[in-house]
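Below is one structure, written out as structure tokens; the observations come after it.
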Amino acid sequence: KHAPTLGALESVDLRRQQVSQAVEEVQRVIHCLTTEISHQDIRFQAVPYSDIYNGNIKVLAPSQFLVTVPVKGLAGYREARERRWRYYTLQGTRIPCPLRDPEGLQQWLEVEQFMKSLWQWHEADVNIEGDIVPAKVLLVFRKLVENAIRTCHLSGKVSLLANCEAVWVAVETTACQVEIELVPTVEIPTAWSEKAQWPRCLKRWPSPEKVECLKSFGFNLLAHAGYHWQLSFSQAEQMLLEQLDEDGYRWSCSILPLPSLLRLFSQHLNMYIILESLVVLLLFKFSSFAPVVKLLTLHVLTSSLISIVGFHSRQREPLLVQDFCDFKFQFVCLAWIAHL
């Protein structure tokens, strides 16, 4: 048996500390910028500062973050009941052929889908023929970010990245430069999108009661680009992971092979895979296994990850990586390994 080297463990721990420090510094900058933006335009809210887990910040890579910026003034969401064709461009001109329908976990967003809405959401700077268009929201938001950087005197620390359809900024932290995508987000509490057909029929886990509980957290609509909004279920995902700890993840993993477990999370709740955790898993667990078990397990893990990457690519989503400080997914993998 070969135990993991002290140097390898220290390297992983150092990486976690660096990412934690970067998250802390980025939080302060983003809170400052978005507070100023909320003063300039009532449609956008400030991203709150938190000493613990911040659900608005996702770590895509050690030097690449995603920050969701909540919008304001849209309440009482309901699903659109009538299908209609769109014949406009982002410039507002008419076209002879209709725009393509949303694919996968994407949708149109009509201002009339909300029982209450600020009059600013009806303005032409974000609205075309009754639709709130992500690309136009991003144009408005980009200008606000640019102004906020100057107003907050952060020009030496924060820069707005050009040639991007989405809004990206570069922030200088103590360890390195971090690139951040700022995504205007419509939060839909208590409702569940009809597009998210989860869980599949005849599944024993989670229980029907917990499924209803998870769905009560609602979902978000993210403005990444183009005409369509991207659906996200980040709050339900976080609660699902916490309930795994409460229920005893060993039982859940013992009735599901790992590929099924991974696909369940990725396909139905956009599970953000913690790649760094798999490294620790290999270091601590695989050293004591027979060679054939190591090979089979590596094959299963690799196949599952390839499947998930392919799924996110087809849905035109980035393969997001949860905060490196949150190692819950590592425990799920360890529980499955314990049942071999």
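Counted the way our numbering counts, the sequence shown spans residues 992 to 1331. Note that the Cβ used here is the ideal one computed from N, Cα and C, for glycine as well. Bear in mind that the values here come from a model prediction, so they are computed numbers and not experimental data.
Alpha carbon of Phe1056 to alpha carbon of Lys1049, nearest angstrom | Stepping through the sequence shown from its first residue, residue 1056 is reached at position 65. Stepping through the sequence shown from its first residue, residue 1049 is reached at position 58. So the alpha carbons of these two residues sit roughly 6 angstroms apart.
Which class does Thr1026 belong to by DSSP, given the choice of helix, strand or coil?
-> Indexing the sequence shown from 1 puts residue 1026 at position 35. Thr1026 falls in the helix class under three-state DSSP.
State buried or exposed for Pro1180, treating a residue as buried only when at least 16 other CB atoms are found within 10 Å of its CB.
-> Counting from 1 along the sequence shown, the entry for residue 1180 is found at position 189. Residue burial annotation: Pro1180 is exposed, with fewer than 16 other C-beta atoms found within 10 angstroms of its C-beta.
With distances taken between CB atoms, is the gap from Val1102 to Trp1110 smaller than 8 angstroms?
-> Looking up residue 1102 in the sequence shown gives position 111. Looking up residue 1110 in the sequence shown gives position 119. Taking 8 angstroms as the Cβ cut-off, Val1102 and Trp1110 do not qualify as a contacting pair.
Kindly indicate the opening and closing residues of the beta strand (DSSP E) around Phe1132.
-> In the sequence shown, counting from the first residue as 1, residue 1132 sits at position 141. Secondary structure note for Phe1132: it is in no beta strand (DSSP E), and the uninterrupted alpha helix (DSSP H) holding it is Pro1125 to Thr1142.
Looking only at its own chain, which residues have a Cβ that is under 8 angstroms from the Cβ of Arg1019, when we skip the five neighbours before and after it?
-> Locating residue 1019 in the sequence shown gives position 28, where the first residue counts as 1. If we look at Arg1019 and ignore the five residues flanking it on each side, its Cβ neighbours are Tyr1040.
Just how far apart, CA to CA, sit Phe1132 and Asn1045?
-> Here residue 1132 is taken as the residue at index 141 of the sequence shown, counted from 1. Here residue 1045 is taken as the residue at index 54 of the sequence shown, counted from 1. Cα-Cα distance, rounded: 22 angstroms.
Segment contact, 8 angstroms Cβ cut-off, at least three pairs: the region 1150 to 1164 with the region 1013 to 1032 | yes
List the endpoints of the continuous beta strand (DSSP E) containing Lys1049.
-> If you number the sequence shown from 1, residue 1049 lands on position 58. From DSSP, the beta strand (DSSP E) with Lys1049 extends over Ile1048 to Ala1052.
Beta-carbon separation of Glu1027 and Thr1142 under 8 angstroms?
-> Within the sequence shown, residue 1027 is the residue found at index 36, counting from 1. Within the sequence shown, residue 1142 is the residue found at index 151, counting from 1. Cβ atoms of Glu1027 and Thr1142: closer than 8 angstroms.
Coil, strand or helix - Ile1086 by DSSP | Translated into positions along the sequence shown, residue 1086 becomes position 95. DSSP places Ile1086 in coil when its eight states are reduced to three.
According to DSSP, is Asp1116 helix, strand or coil?
-> Taking the sequence shown and counting its residues from 1, the one referred to as residue 1116 is at position 125. If DSSP states are grouped into helix, strand and coil, Asp1116 belongs with coil.
Closest by C-alpha distance to Thr1084, when choosing among Asp1092, Asn1118 and Gly1095 | For the purposes of this step, residue 1084 is taken as the residue at position 93 of the sequence shown. Of Asp1092, Asn1118 and Gly1095, the residue nearest in Cα terms is Asn1118.
Kindly list the residues whose CB is nearer than 7 angstroms to the CB of Ser1225, restricted to its own chain and excluding five residues on each side of it in sequence; keep chain order.
-> By one-based count along the sequence shown, residue 1225 stands at place 234. Same-chain partners within the cutoff: Gly1046 and Asn1211.
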